[in-house]
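Enquirer: Going down the list, the protein sequences come from chains F and S.
Each residue of the first sequence is one higher than the one before, starting from 1 at the first, in the working numbering.
Each residue of the second sequence is one higher than the one before, starting from 1001 at the first, in the working numbering.
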Amino acid sequence: NAGVTQTPKFQVLKTGQSMTLQCAQDMNHEYMSWYRQDPGMGLRLIHYSVGAGITDQGEVPNGYNVSRSTTEDFPLRLLSAAPSQTSVYFCASSLSGLNTGELFFGEGSRLTVL
Amino acid sequence: DQQVKQNSPSLSVQEGRISILNCDYTNSMFDYFLWYKKYPAEGPTFLISISSIKDKNEDGRFTVFLNKSAKHLSLHIVPSQPGDSAVYFCAASGGNQFYFGTGTSLTVIP
């Protein structure tokens, strides 16, 4: 059972480059989300989706785009990378996303922007 | 502004003793609370949760206490084991968003 799979695990970008972090889950979860983890800041929500075709902003959405064309996939796009986006990114999913269930996390993607 | 706060960045406990990790929140609309455990280079994993209609929930060595009037929750680990050494995050939800604290690094000394 793969759970939540994130790719790539590591990435180095130059300022201004764009890239997509991939996230896929095989648990038929409706809810998917992206977090970034920074020292002293904990996990902060970037974007989330409660189902295919529906996305919404979290606490720190600027500089990121998402789409949800299928239940399984929730890619995170960095449009023009900045050094402030250097972070560890986690994708997480939940059966319903409402306040009744746990989040299942991927292993993380470490991004460095030079 | 941080809606979920963990004011202790680190905690050291002797093996076999109790570990108490604390968490405070500011939003009275939160009604579901969770604790996650994270090892280095891994994603957080779910540990235990509690709904706001309860004040205590137990699962083996782990107990979570919720004090709604104080907007405070705590995680008790008894007895603590070396394998419990990790970063612990508390999280709160009042709808479609989960808010996380900054984490407490627990070290259990053999």
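Even glycine gets a Cβ: it sits at the ideal position worked out from N, Cα and C.
Can you tell which of F:GLY16, F:GLY106 and F:THR5 has the C-alpha that lies nearest to the C-alpha of PRO83 of chain F?
Expert: On the first sequence, residue 83 of chain F is found 83 positions in, with the first residue counted as 1. Comparing Cα-Cα distances from PRO83 of chain F to each of F:GLY16, F:GLY106 and F:THR5, the minimum goes to F:GLY16.
Enquirer: What are the boundary residues of the beta strand (DSSP E) that includes ASN1067 of chain S?
Expert: Here residue 1067 of chain S corresponds to residue number 67 of the second sequence, with the count starting at 1. Note, ASN1067 of chain S: beta strand (DSSP E), 1062-1067.
Enquirer: If we cut at 8 Å on Cβ distances, does MET41 of chain F have a partner in chain S?
Expert: The sequence position of residue 41 of chain F within the first sequence is 41, counting from 1. For MET41 of chain F, the answer is yes, since a Cβ of chain S falls inside 8 Å of its Cβ.
Enquirer: Under DSSP, the beta strand (DSSP E) around MET32 of chain F begins and ends at which residues?
Expert: Locating residue 32 of chain F in the first sequence gives position 32, counting from the first residue. That run of the beta strand (DSSP E) goes 31-38.
Enquirer: May I have a chain-ordered list of the alpha helix (DSSP H) segments no shorter than 4 residues that lie completely inside the region 65-114 of chain F?
Expert: none
Enquirer: Run down chain S in chain order and give the residues with a C-beta less than 7 Å from the C-beta of GLU102 of chain F.
Expert: If you number the first sequence from 1, residue 102 of chain F lands on position 102. What GLU102 of chain F touches in chain S: LEU1034, PHE1046 and SER1049.
Enquirer: When the Cα atoms are used, what is the spatial distance from GLU102 of chain F to ASN1057 of chain S?
Expert: Indexing the first sequence from 1 puts residue 102 of chain F at position 102. Indexing the second sequence from 1 puts residue 1057 of chain S at position 57. Cα to Cα, GLU102 of chain F sits roughly 15 Å from ASN1057 of chain S.
Enquirer: For ARG1017 of chain S, report the span of its beta strand (DSSP E) as first-last.
Expert: One-based indexing of the second sequence puts residue 1017 of chain S at position 17. Segment: none, ARG1017 of chain S is in no beta strand (DSSP E) and carries neither H nor E.
Enquirer: Considering only the alpha carbon of each residue, which of F:GLY40, F:THR70 and F:THR86 lies closest to GLY1087 of chain S?
Expert: For the purposes of this step, residue 1087 of chain S is taken as residue 87 along the second sequence, with counting starting at 1. Note on identity: in this sequence residue 1087 of chain S is Val, with Gly being the wrong assignment. Per the Cα distances, F:GLY40.
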